[in-house]
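Student: Just so you know, the protein sequences line up as chains A and B, in that order. Start counting the first sequence at 1; every next residue gets the next number (the numbering used here). Start counting the second sequence at 349; every next residue gets the next number (the numbering used here). All C-beta atoms, glycine included, are put in the ideal place defined by N, C-alpha and C.
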Amino acid sequence: MKKFACLALALGLTASLAACASTSTGGSKGNELVIEGYGAEYQSIFEKEIARPFTEKTGIRIKYTAAGSASEQYASIRAANGDPGFDIAVMTSLELYQGSKDRLLAPVTSKQVPNLARVPQKLQAKTYGVGAIQDVQQVVLMYRRALFPKPPTSWQTMWDPKYRSGTLIFNPANILGVYAMLSAAELDGGGLTDTDPGFARIKELAKYALATPQASAGAVPYMEKGTATLFPYLDGRAAIYAKTTDYDYTVPKESSYASLGSLGVPVGATNKKAAYEFIDYWLSDEVQRRWALAYNVGPAVTGLPFPADFAAKHITTAEKLEKIKIADPETVTRNRTTWGQQWAEAVR
Amino acid sequence: MTSPTLATRARRRSRLPWLTLPATVWVLAVFAIPTAILLASSVLTYDGATVTGPFTTANYGSLLGDGYFRSVLWDTVWISAVVGLLCSAAGLLVAHFIVRSGSRWRTLVLLVVVSPLVSSVVVRTYGWLVLLQGDGLVNNMLLWTGLTDSPIAFIGSKFAVIAGLVHVLLPFAVFTAMSSVQSVDPVLERASRDLGAGPVRTFLRITLPLIRPGLIAGFMLTFAISLGAYAAAAVLGGGRVQTLATLVRDRMVVSLEWGQAAAVAVVILVVGAFTVSALLLAGRRSRKGV
């Protein structure tokens with residue numbers, strides 16, 4: 001009898017541990033939406049501009065958790081086999097592509113999300129039917145005002161002996177590093193299918209560069225101390241630090257790449273109906289404009305009115321959206337391991 | 349009077365194996381089962397998120413055939429060996445001072461050794477980031493003393509990773525060495541000195557052979573932990589120093605190649621187990637020789 005009691009105790013302990021390890025929220029009903037996204041300023045702007053007004057309008061409470069990068073969020077969806085315990089993940093179009101391939105993201109159509117039909121076809125094509133794009137960021141060149149009386153006009157300036165010791169080379173583990181490498185490759189005739197010139201340039205720059213950050217937040221200390229000269233950055237965060245530091249940003253003449261902020265619904269999400277309602281809300285004109293102005297990014301719906309100085313620096317019109325480059329997610333996903341290795345060898 | 353006591357003790361002893369059951373279940377749950385899943389994951393195929401058969405050695409084949417992986421493996425082993433040696437050597441000196449010295453500072457030294465353990469590895473690693481960065485304390489001192497004209501790029505170097513790991517792991521080596529030093533009878537050292545040997549000769553000929561098992565244990569412990577240490581390599585390596593642990597993270601999160609990530613994790617286990625076994629064997633042989 002005592003043996004059985006001990007065995008039961010052990011099994012109970014194991015079962016309790018298994019229950020603790022479960023990622024499912026289980027208890028959340030239709031009036032609560034669990035969203036996983038980015039931290040820092042993104043979280044505070046999201047809560048003020050999106051979450052609170054949405055709750056006031058619909059009565060659906062939002063539980064927001066900041067969990068790191070888009071790739072980490074998708075990895076958690078994959079690890080939980082589509083039931084990670086949240087209803088919406090804030091990611092990029094690369095994760096939507098992967099989620100569609102793995103069949104771990106639920107379909108998102110204009111029937112469930114009517115405002116989706118208003119998103120330009122160029123962006124809709126990058127959702128793979130499993131999400132929505134809610135903003136368009138572009139890779140810009142961030143520079144220190146004191147060093148540049150006139151804004152630099154080319155990515156090439158990063159290799160200028162006058163400035164190269166203060167540049168930052170982002171790791172391709174972060175999508176900013178991928179787009180920066182592609183822009184570097186294009187300076188010498190390369191591109192998405194021929195990245196060798198990009199890595200050759202990174203190798204050359206690595207001898208002098210200030211640092212090799214693994215995330216965009218890694219650039220912040222160098223801006224606060226004023227030690228960085230110029231480096232690639234995403235316009236949302238760039239605009240925030242342009243207000244608080246001696247840095248400003250510009251889009252070089254060679255044009256740039258877009259990073260598409262996306263919303264995905266895991267297949268195992270508990271509150272899919274509320275999730276679709278939320279996505280539709282974010283794609284409405286009013287919210288699109290509010291979010292774009294607050295987070296300093298381009299909206300997913302073009303043709304909205306914006307102040308001239310804002311429109312000059314962000315992708316707000318159909319014409320600008322046509323010009324911005326969007327790297328093919330399939331090619332990026334397929335090559336990311338190799339690029340990571342080439343990058344590591346180049347910066348060693 | 350004696351017999352019943354012995355009988356009671358014997359009955360108590362017979363119940364003892366049951367007391368180990370929770371610990372056994374715990375070890376099975378948190379170590380053996382995950383390790384088995386890890387091993388299985390490394391020889392199965394991932395179809396998206398689903399693990400499917402048949403068994404394959406492709407994950408290991410592509411890793412071992414990859415020059416980049418081999419260079420990361422070499423760097424990780426090399427860094428771990430240096431960390432193990434530095435920790436063992438420094439740990440021995442500190443332990444010898446704490447145990448043998450009559451200095452009133454020894455309590456303070458012990459406190460200094462123990463104090464890092466109250467903060468997390470991540471905090472300690474970020475502490476080194478602050479110290480070693482371009483305008484950090486170390487570079488400022490080097491510039492102030494004129495030893496260098498411009499700041500040295502410590503962050504992103506193997507030196508930074510090794511410094512961070514030695515700091516994090518030194519207490520383990522000190523504690524292991526302390527128990528060894530304590531087990532050496534001071535009479536033997538005094539006898540050696542009385543017979544004319546100097547302090548260095550006494551240490552090398554008497555103390556060192558006797559504390560060798562402790563040194564080997566300290567090396568094994570710090571080497572094995574270094575092999576899988578992530579925070580120091582990720583933070584102080586600045587993306588430029590890639591180790592097996594950071595490679596696992598990249599394969600898991602960035603490229604979503606979980607089969608390969610599992611294979612890299614198995615390589616960490618195998619290298620650790622092989623080194624520990626080899627050192628245990630060497631330790632046994634040396635004891636037989638004595």
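#1: Determine, for A66 of chain A, whether the minimum Cβ-Cβ distance to residues of chain B falls below 7 Å.
#2: Can you tell me whether W339 of chain A is buried or exposed, with buried defined as 16 or more other CB within 10 angstroms of its CB?
#3: Check whether the Cβ atoms of A66 of chain A and G85 of chain A sit closer than 7 Å, and answer yes or no.
#4: If the cut is a Cβ gap below 8 Å, which residues of chain B does R52 of chain A touch?
#5: Where does R144 of chain A land, buried or exposed, given buried means 16+ other C-beta within 10 angstroms?
#6: Can you give the Cα-Cα distance for A611 of chain B and L387 of chain B, rounded to whole angstroms?
#7: Is it true that the CB of Q134 of chain A sits closer than 7 Å to the CB of G303 of chain A?
#8: Just mark T244 of chain A as buried or exposed, buried being the case when its beta carbon has 16 or more other beta carbons within 10 Å.
#9: How long is the line joining the alpha carbons of G37 of chain A and R633 of chain B, rounded to whole angstroms?
#10: Apply the 10 Å Cβ neighbour rule to P403 of chain B and answer buried if 16 or more other Cβ atoms are within range, or exposed otherwise.
#11: Who are the near neighbours of K203 of chain A in its chain, counting only those whose CB is closer than 6 Å to its CB and skipping five residues on each side?
#12: According to DSSP, simplified to helix, strand and coil, what is D423 of chain B?
#13: Please name the residue or residues paired with D160 of chain A in a DSSP beta bridge.
#14: Alpha carbon to alpha carbon, how far is A258 of chain A from R52 of chain A? Give it in angstroms, no decimals.
#15: Give me the residue from A:V332, A:D328, A:Q342 with the minimum Cα distance to L123 of chain A.
#16: Where Q481 of chain B and R560 of chain B are concerned, what is the direct C-alpha to C-alpha distance, given to the nearest angstrom?
#17: Look at the alpha carbon of E47 of chain A and the alpha carbon of N271 of chain A, and state the distance between them as a whole number of angstroms.
#18: Mind checking which residues open and close the alpha helix (DSSP H) that includes K313 of chain A?
#19: Which residues, in chain order, does the region 587-612 of chain B contribute to contact with chain A at a C-beta distance below 7 Å?
#20: Taking CB distances under 7 Å as the criterion, tell me whether G484 of chain B reaches chain A.
#21: Give every residue of the same chain whose Cβ lies closer than 6 Å to the Cβ of V460 of chain B, excluding the five residues on either side of it in the sequence, and list them in chain order.
#22: Quick test of your reading: I77 of chain A and L33 of chain A, contact by CB under 8 Å. State the CB separation rounded to the nearest angstrom.
#23: What is the DSSP secondary structure of Y578 of chain B, counted as helix, strand or coil?
#24: In chain B, what lies closer than 8 Å to D328 of chain A by C-beta?
#25: Work out the CA separation of Y97 of chain A and G189 of chain A for me, nearest whole Å.
#26: Taking C-beta pairs closer than 8 Å, name the residues in chain B that G131 of chain A reaches, listed in chain order.
#27: For the pair the region 499-510 of chain B and the region 580-587 of chain B, tell me if three or more CB-CB distances fall below 8 Å.
#28: Taking one C-beta from the region 550-570 of chain B and one from the region 513-533 of chain B each time, how about it: are there three or more such pairs within less than 8 Å?
#29: So, does the CB of Y416 of chain B fall closer than 7 Å to a CB anywhere in chain A?
#30: Can you give me the C-alpha to C-alpha distance between K320 of chain A and I326 of chain A, rounded to a whole angstrom?
#31: Whose C-alpha, out of A:V251, A:D309, A:T109, is nearest the C-alpha of K423 of chain A?
#32: Does the region 454-470 of chain B come close enough to the region 193-209 of chain A to have 3 or more Cβ pairs within less than 8 Å?
#33: Mind checking V602 of chain B: buried by the 16 CB within 10 Å criterion, or exposed?
#34: Out of B:F520, B:V420, B:L569, which has the shortest C-alpha to C-alpha gap to G620 of chain B?
#35: Cβ of A397 of chain B less than 7 Å from any chain A Cβ?
#36: What does DSSP give as the partner residue(s) for L369 of chain B in the beta ladder?
Tutor: Answer, in terms of the structure:
#1: The beta carbon of A66 of chain A sits no closer than 7 Å to any beta carbon of chain B.
#2: With 16 or more Cβ atoms within 10 Å of its Cβ, W339 of chain A is classed as buried.
#3: It is not a contact, given that the beta carbons lie outside the stated cut-off.
#4: What R52 of chain A touches in chain B: nothing, since even the nearest Cβ is about 31 Å away.
#5: It is buried - the Cβ of R144 of chain A has at least 16 other Cβ atoms within 10 Å.
#6: Taking the straight line joining both Cα atoms gives about 8 Å.
#7: Going by beta carbons, G303 of chain A and Q134 of chain A fall outside the 7 Å limit.
#8: Burial call: exposed.
#9: Taking the straight line joining both Cα atoms gives about 57 Å.
#10: This sequence places Phe at residue 403 of chain B; Pro is not what is there. By the 10 Å Cβ count, F403 of chain B comes out exposed.
#11: The answer, listed in chain order, is A346.
#12: In this structure, D423 of chain B counts as helix in the three-state DSSP scheme.
#13: Answer is none; D160 of chain A lacks a bridge partner.
#14: Taken atom to atom, the span from the alpha-carbon of R52 of chain A to that of A258 of chain A is near 28 Å.
#15: Of the candidates A:V332, A:D328, A:Q342, the one whose C-alpha sits nearest the C-alpha of L123 of chain A is A:D328.
#16: In a straight line, the C-alpha of Q481 of chain B is about 37 Å away from that of R560 of chain B.
#17: Taking the straight line from one Cα to the other gives about 19 Å.
#18: In the DSSP assignment, K313 of chain A falls within the unbroken alpha helix (DSSP H) covering 308-313.
#19: Per Cβ criterion, the list reads G587, R588, Q590, D598, M600, V601, V602, S603, L604, E605.
#20: Not one beta carbon of chain A lies nearer than 7 Å to the beta carbon of G484 of chain B.
#21: Nothing meets the Cβ criterion.
#22: Contact flag wrong, Cβ pair sits at about 16 Å.
#23: Here Y578 of chain B sits in coil by DSSP.
#24: In chain B, no part has a C-beta under 8 Å from the C-beta of D328 of chain A; the shortest such distance is about 16 Å.
#25: Approximately 27 Å, taken between the alpha carbons.
#26: When 8 Å is used as the limit between beta carbons, G131 of chain A is near no residue of chain B, the shortest such separation being about 17 Å.
#27: Yes: at least three Cβ pairs fall under 8 Å.
#28: Put simply, the region 550-570 of chain B touches the region 513-533 of chain B. At least three CB pairs are less than 8 Å apart.
#29: Contact of Y416 of chain B with chain A is assigned, a C-beta pair being separated by under 7 Å.
#30: Rounded to whole angstroms, the separation of the alpha carbons of I326 of chain A and K320 of chain A is 12 Å.
#31: What the structure shows of chain A is the stretch from 1 to 348, and residue 423 of chain A is not part of that stretch, so it cannot be assessed.
#32: At 8 Å Cβ cutoff, the stretches do not touch.
#33: V602 of chain B is buried by the Cβ-count criterion.
#34: Among B:F520, B:V420, B:L569, the Cα nearest to that of G620 of chain B belongs to B:L569.
#35: Against chain A, the CB of A397 of chain B has a partner CB under 7 Å away; the residue lies at that interface.
#36: Paired residues: none, contrary to the question.
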